[in-house]
Structures are given as structure tokens and as C-alpha cells.
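Trainee:
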Amino acid sequence: MSITVFVPCDSAALAAGADEVVDAIHKEAVARGLAINIQRNSSRGMFWLEPLVEVVTAQGRMAYGPVAFEDVPSLFEAGFLNGGLHPLSLGITDQIPYLAKQQRLTFARMGITRPLSLDDYAAHGGWMGLQKTVAMDGAAVVQEVLDSGLRGRGGAAFPAGIKWRTVRGTTASQKYVVCNADEGDSGTFSDRMTMEGDPYMLIEGMAIAGLAVGATQGFIYIRSEYPHAIDTMNTAIALAESSGYLGANVLGSGKAFHLQVRKAAGAYVCGEETAMLESIEGKRGIVRAKPPLPALEGLFGQPTVINNVITLASVPIIMAKGASFYKDFGMGRSTGTLPFQITGNILQGGLVERAFGLTLRELLFDFGGGSRSGRSIKAVQVGGPLGAYVPESQWDVPLDYEAYAAMGAVVGHGGIVVHDDTANMAKLARYAMEFCALESCGKCTPCRIGSTRGMETIDRIGTATNKEQQVHLLRDLCDTMVNGSLCAMGGMTPFPVLSALNHYPADFGLQADVAKAA
Amino acid sequence: MNSTQASPEQALIDQLVQQHAGEPGALLPLLHAIQDKLGFIPASSVASIAQGLNLSRAEVHGVITYYHFFRSTAPGKHVIQVCRAEACQSCGSEELWDLAEKLLGCKGHETSTNGMYSLEPVYCLGLCASSPAVQIDDKLHARVSEAKLTRLVKSLESAV
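Chains as they are written, first to last, in the numbering used here: chain A, 148 to 665; chain B, 1367 to 1526.
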């Protein structure tokens, strides 16, 4: 009997040389006359260990990593096909503390199954939520999602069930479900992992949404920087359709749900939901004024559910196991789990799915193992480029939407970027303004012009003699951007800027009292 | 050029326009299809796209120039994208960017004079836990040190 070896096909594994490792294993096995069966699985999300090679043994799946193609001959020498010891041995995969300490609900299959295998998906709990949905009234499905407390995982944390209820309550000849997969924020990859690693979960979530609200057409808007995700989703949609999970008659329900991928084209602001709708309609991605809400007048003017990838991907387990199961995780109004993404200057970067309520310190040290450079961690940006920099004094605050909002920060999508003590926070603040200037859609003045004036003002804080006045100007400008911008692009760019100014005044050449007084 | 004899390029564009004409929100999928085939979207194609989709030329031009991904000129033989977003900055991507400019002999958004390389900034390849990240043509590279970038560029040179 041949031995099964798993090597991930996730982009992060490919970028670390997974294909070369597969070639090397194949060649070495042929040379030694050994029968092996190499399978490509999704990634476990421990990216410092990629490529993570797993061998199926009697004790379970044994892991080795990070494996370079040069390591392959010595792995064979060590008998890794029977779980033999090697300097790269990590033991039984499920017992690696980084994984064992997680609460994987949405990411339960990640790294275990083969992304496009319908059999693997079904064997690991897939389609149960959709099967239940088919037998239920749409209103009951919406109620289940409402009861779960699921909030938008893309960053804004708006209750998903309320959007669904609004769309369900409309009468229209055509309704849509749109999945926002324009994951442009630095420090995030959970959407990419989902689409590359467990695409049927997203398809199932979208089909449930479609049946619940009466939408027959769905779109997944995926960024052009994610070619592997686009390919995987397209193939998965075709396979799901030919097996009756999508199409004119979803699981024999007599109801239709069709799904299509739309490829974005590199505009960051298209992650804003109305700009995304414009883009799908074939226009420049310019933000729309609200109201009307997209739930009432969205894509092509029709009622539209818009949710992020992880929001929709969380729905199957909620439907399969029930709202109360999901709601038991988390704290306060932040129910369920969030796939935190620990990135940047961190030793053990990767995906950590845990219930809301753990702290940044736990993520940085218990999971992350401290900085990659070995230097002390200075600042941590939570929630993407529009999220605040969180200083050490706040690392013990529980990761909960409300607790973070109370200190002027955001949990957002759970993307976490770590900077060590070589980071210059004035430079990062300037970069936030510069990025806003580069990516602003240009519709509203505070964002379009404020971002450029912001860059100039930060430069002047560094060089001018009247620093106090410049700081005052910057705060005034940020106030205008926060309160006067149409969307989060201009409205939240001040979060990283002001948090950098407030917590790290020395980097701006300021005394703490000058930074505060102005 | 004789207007009754379209160039092969124009014939291809016309064919793609026809394929996409009935699709709701057809413009982006059409532009992607053209760029996939030709590597860029020729300025000469704007009129036929506009006519085929019943849009104004200004609307088509506006969309092509709004999105960073669409090119109006042919790229170099190899396209090198260096991620400059925060997670990559935290692990040295700015130094890597400077080195890329030196190694490739061109600035960002430019093509080297020998036509070999185009250097593009990219704001996130989704490899933030293994930064800094670089994409060379279709291939992703994680944890790219200065030595690794130098080696990768050298291997492009020797592949010629």
C-alpha cells in the first residue's frame, strides 16, 4: 500500500517553494522505488513552517517543516514515510500547540482536506448547513443567523442577519448576493486561505444566503492579486454546479442560485461595498452616497446582500450546528470566533482562529512567539491599514469589538501587523496618508485632498519650528476627514495617524505634552 | 491601414467584444480578457470597446485608467512586483524596493530600457505572515531577503 504525503497548495506554501518540494519528493521516491501518493491539501495556516509536509501514519498525520527541496533526501534517509525522526520533525500535526490551542470552527477543515475535493468536503461536515436550509423557510434561516449574533467579518462588524432580513423583506424581480473578496488590507489573508483552501464553504454560505433572502444570482468579487483564489473558486463553482449544490435547482429544492466570479483590477477602494458594486457594474470604482442602502438598492439597482468572505463562510457551521452553538463562543456582543491573522515582524506568523475575548498579548507571544527580528515589539496595527496602532499599554484589552472601539481602535477583520522597535511611527503615519492619497476614489473632498494635505502637514511637523501649530492643524484635518468623508477610506485613515501621534510622539520629534496639547 | 483589413490584434479585440457584449457589467471582464491575451489594452481598442458595449469612449478610457491593474502599454519581458504595504515594510520591503530599482535599472511603474523588466509596487499579495513578498511574472516568493532578490533577478538574466 502506498503512503500518503500531503504538501499544501496554498499561495503561501507555493511562495515558500512547495512545488519544488513536491518535485523533489516525487523524484526521490522514484529513485528509491517507493510507492507514494502525494496529495495537495490546504494550509494549516502556520506559515513559518511552510512548506509543511505531512505523512499519514498509524498514529495520525505527522508533520515536517519548513521543508526545502534540499531537505528531501535526508527526510527519506530518516524514514519520514513511517514518521521517522528528523531535525524538521514537528510530531503529530494536531498536537502542535499553535493548532491545539485554537478554536477552529470556520477553519476546521483547513490544512486537512484537499480544496477541490467534494468528497473531502462532505466527509468533514460540508453541505450540512445547506441541507438544513433547503428544508426550512427563508425567514427561519434569517432568524438563525440573527440569533447567532454573527457580525460582518470584513471590518465594519454590522450584524449580518439584519442585512439579510432587510433584503428578504423587499419585493423585487431580481435580488443578489455579493461576496466581498477584495481583501486588500495588509496583514490579512483569511479570505485568500478560504478561497484557495476551502472554496465549497464559501459557496455553501452564499447558497444559504441566496435561498434565505430569495436571491438567485451571486457574485464573488476577487482581487486581481489573487490569481490562485480566482482559479480555485472558478473550478469549485463548476464542480458544485455539476453536483447540484448550485444552479437552477439547488439540492432539489426547486430554487435557483447561480454563482459567478468577478475579477477586480487593483483599486483598493473597491473593498468599500458601494465602490465594489460600481466595479461589478463595469464602472470606475467610485463610492456611492448612502442612502439608498445596498440592501434596498444595490447591484444594478436591486436589493443586494453584501458580506465579506469570512462572514459568509461562517454561515454553514451556524446553520449546521445552530445559532446557540456559535453564540456560546465569544464575549458580549462579539459572538463566535474570528480568524486572527498574525503578520509582519513576528516569529510564528499565521492564522489563529479563536473566540473573541483573548488579548493581543496572547496572540503576540503565546502564539506568535515575539518578533521575528528578536527585537522588542513597538507597535501593532490591528484591523488593517485603517486601524489604529496599539501600544503595549493596551495589549491586555480583550479583543472584542466594543472594548476596542472604546479605546479608539478597531478589531476589524482581525488582521494584525507587528512592528519592532526600528519602526518610525511618523513615517508609518505619513504612509497612511500617502496610501489614502494614492487609493482615494476622489469623490469626496476630505479624502481626496485631505490625504495630500495630511502628508504635507506630517512632513512639516518634522521640519517646522512651529510644531505645536502643525500638530493642531493635523488634528483639525483628521477631524474633518473622520466626520466629513463618504466612506471608511478617508474616514478611518486618521486612526493610524492619530494613534501614532498620540502614543509615539517622540517619533514625530515632539514632547508628549506638545503632542497632546495641540 | 486599410480599414477593411483589420489587424490580427484588432480582430481578436472585436471577437472578445462580441463575446462579452451581452453580459451585465461587461466592461471589466472584457478588459481583463483583452489584457490576458495581449498583455495590455491598446489605446486603439477603446473605440471598438465603446461601440460594442454601447458606452462612450470617455467611460471606457476612464475605467482603464482608474484601475491600477490595467496597462495601456506593453510591459517588459518580466514583471516584478514588490509589496510595499505595512506587513512587508515591517520586514524590510522599503530596502528591498530600493534594491529592486537598482538591480532592474528602472523606477516603479517603469520598464528598463532594454525592455527586460517592469517594476511595479503592489499593495498586498496576501503573504503578510511571510513578508516581504515579491511576485515575478506568475510566481510568488515569500520572505525575500536582499540576497534572494538578487539571486532571483540573476536567474531571469541567465534564462535569456
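The beta-carbon is built from N, C-alpha and C at its ideal position, and this holds for glycine as well.
Predicted model, so just to flag it, every value in this text is computed and none were measured.
With 8 Å set as the bound, which would you pick, yes or no: does the beta-carbon of F1436 (chain B) sit closer than that to a beta-carbon of chain A?
Mentor: On the second sequence, residue 1436 (chain B) is found 70 positions in, with the first residue counted as 1. Closer than 8 Å to some Cβ of chain A, the Cβ of F1436 (chain B) qualifies, so yes.
Trainee: Looking only at its chain, what residues have a beta carbon closer than 7 Å to the beta carbon of S390 (chain A), apart from the 5 residues adjacent to it on each side?
Mentor: Position 243 of the first sequence holds residue 390 (chain A). These residues qualify, in order along the chain: L265.
Trainee: For P439 (chain A), count neighbouring Cβ atoms within 10 angstroms of its own Cβ and tell me buried if that reaches 16, exposed if not.
Mentor: As a working mapping, residue 439 (chain A) is identified with position 292 in the first sequence. It counts as exposed.
Trainee: With distances taken from CA atoms, which of A:G273, A:T335, A:T569 and A:C634 is nearest R94 (chain A)?
Mentor: Nothing can be reported for residue 94 (chain A), as the shown portion of chain A is limited to 148 through 665.
Trainee: Indicate whether V558 (chain A) and F642 (chain A) have their beta-carbon atoms separated by less than 8 Å.
Mentor: As a first step, residue 558 (chain A) must be located in the first sequence, where it is residue number 411. As a first step, residue 642 (chain A) must be located in the first sequence, where it is residue number 495. No; because the gap between Cβ atoms is not below 8 Å, this pair is not in contact.
Trainee: Using a threshold of 7 Å, is the CB atom of G394 (chain A) nearer than that to any non-hydrogen atom of the ligand GTP?
Mentor: This structure lacks the ligand GTP; in fact it carries no ligand of any kind.
Trainee: Under 8 Å Cβ to Cβ from D513 (chain A), same chain only, skipping five residues before and after it: list those, please.
Mentor: Translated into positions along the first sequence, residue 513 (chain A) becomes position 366. For D513 (chain A), where only same-chain residues beyond five positions count, the Cβ hits under 8 Å are K248.
Trainee: By DSSP, does P234 (chain A) sit in helix, in strand, or in coil?
Mentor: Residue numbering aside, residue 234 (chain A) sits at position 87 when the first sequence is read from its first letter. Reduced to three states, the DSSP call for P234 (chain A) is coil.
Trainee: Given that F503 (chain A) touches chain B, what residues does it touch there, using C-beta distances under 7 Å?
Mentor: On the first sequence, residue 503 (chain A) is found 356 positions in, with the first residue counted as 1. Residues of chain B passing the Cβ test: none, with the nearest at roughly 21 Å.
Trainee: Which class does D654 (chain A) belong to by DSSP, given the choice of helix, strand or coil?
Mentor: The count along the first sequence starts at 1 and reaches residue 654 (chain A) at position 507. In this structure, D654 (chain A) counts as helix in the three-state DSSP scheme.
Trainee: With a cut-off of 8 Å, does the C-beta of N649 (chain A) fall near any C-beta of chain D?
Mentor: In the structure shown, chain D cannot be found, because the protein chains are A and B.
Trainee: Taking C-alpha atoms, which residue in B:G1405, B:L1462 and B:S1411 lies nearest to L1393 (chain B)?
Mentor: Your numbering for residue 1393 (chain B) matches position 27 in the second sequence. Ranking the options by Cα distance to L1393 (chain B), first place goes to B:S1411.
Trainee: When DSSP builds the beta bridges, which residues end up paired with G207 (chain A)?
Mentor: Position 60 of the first sequence holds residue 207 (chain A). Paired residue(s): A:T204.
Trainee: Tell me the DSSP bridge mates of V1500 (chain B)?
Mentor: For this step, residue 1500 (chain B) is matched to residue 134 along the second sequence. V1500 (chain B) is bridged to B:V1448 and B:H1507.
Trainee: Would you say V1445 (chain B) lies against chain A (beta-carbon separation less than 8 Å)?
Mentor: Taking the second sequence and counting its residues from 1, the one referred to as residue 1445 (chain B) is at position 79. No, V1445 (chain B) does not count as interfacial toward chain A.
Trainee: Our contact map puts T151 (chain A) next to Q186 (chain A) with C-beta atoms below 8 Å; I'd like the distance itself, whole angstroms only.
Mentor: By one-based count along the first sequence, residue 151 (chain A) stands at place 4. By one-based count along the first sequence, residue 186 (chain A) stands at place 39. With a Cβ gap of about 6 Å, T151 (chain A) and Q186 (chain A) count as contacting.
Trainee: Looking at N396 (chain A) and A387 (chain A), is the spacing between their C-beta atoms short of 8 Å?
Mentor: Within the first sequence, the letter at position 240 stands for residue 387 (chain A). Within the first sequence, the letter at position 249 stands for residue 396 (chain A). Going by C-beta atoms, A387 (chain A) is not nearer than 8 Å to N396 (chain A).
Trainee: H271 (chain A) to P1498 (chain B), Cα distance in whole Å?
Mentor: Locating residue 271 (chain A) in the first sequence gives position 124, counting from the first residue. Locating residue 1498 (chain B) in the second sequence gives position 132, counting from the first residue. Their Cα atoms are separated by approximately 34 Å.
Trainee: Closest to Q449 (chain A) by CA distance: which of A:G638, A:G180, A:P306 and A:V314 is it?
Mentor: Locating residue 449 (chain A) in the first sequence gives position 302, counting from the first residue. Comparing Cα-Cα distances from Q449 (chain A) to each of A:G638, A:G180, A:P306 and A:V314, the minimum goes to A:V314.
Trainee: If I measure Cβ to Cβ from P213 (chain A) and keep anything under 8 Å in the same chain, skipping five residues before and after, which residues do I get?
Mentor: For the purposes of this step, residue 213 (chain A) is identified with residue 66 of the first sequence, where counting begins at 1. Within the same chain, P213 (chain A) has close Cβ partners A163, W195, L196, E197, P198, L199 and L235.
Trainee: Just the C-alpha distance for F655 (chain A) and K663 (chain A), rounded to the nearest angstrom, thanks.
Mentor: What you label residue 655 (chain A) is simply residue 508 of the first sequence in a count that begins at 1. What you label residue 663 (chain A) is simply residue 516 of the first sequence in a count that begins at 1. Rounded to whole angstroms, F655 (chain A) to K663 (chain A) spans 12 Å at the Cα level.
Trainee: State the DSSP-derived secondary structure class of K468 (chain A), mapped to helix, strand or coil.
Mentor: The sequence position of residue 468 (chain A) within the first sequence is 321, counting from 1. Reduced to three states, the DSSP call for K468 (chain A) is helix.
Trainee: Going by CA-CA distance only, name the one from B:L1522, B:T1516 and B:L1491 that's closest to E372 (chain A).
Mentor: Here residue 372 (chain A) corresponds to residue number 225 of the first sequence, with the count starting at 1. With distances taken between Cα atoms, E372 (chain A) lies closest to B:L1491.
Trainee: Alpha carbon to alpha carbon, how far is M572 (chain A) from A653 (chain A)? Give it in angstroms, no decimals.
Mentor: Counting from one through the first sequence, the residue named residue 653 (chain A) turns up at place 506. Counting from one through the first sequence, the residue named residue 572 (chain A) turns up at place 425. Going from the Cα of A653 (chain A) to the Cα of M572 (chain A) covers about 9 Å.
Trainee: Can you pull the chain B residues whose beta carbon is under 8 Å from the beta carbon of P140 (chain A), in chain order?
Mentor: Here chain A comprises residues numbered 148 to 665, so residue 140 (chain A) is not present and cannot be evaluated.
Trainee: Determine the burial state of M554 (chain A): buried for a count of at least 16 other Cβ atoms within 10 Å of its Cβ, exposed for fewer.
Mentor: Taking the first residue of the first sequence as position 1, residue 554 (chain A) is located at position 407. Exposed: under 16 other Cβ atoms inside 10 Å.
Trainee: Could you please give me the residues that DSSP links to Q1376 (chain B) through a beta bridge?
Mentor: The count along the second sequence starts at 1 and reaches residue 1376 (chain B) at position 10. DSSP, once it has assigned bridges, lists no residue as partnering Q1376 (chain B).
Trainee: Given that a residue counts as buried once 16 or more other Cβ atoms are within 10 Å of its Cβ, and exposed if not, what is Q617 (chain A)?
Mentor: One-based indexing of the first sequence puts residue 617 (chain A) at position 470. By the neighbour-count rule (16 or more Cβ atoms within 10 Å), Q617 (chain A) is buried.
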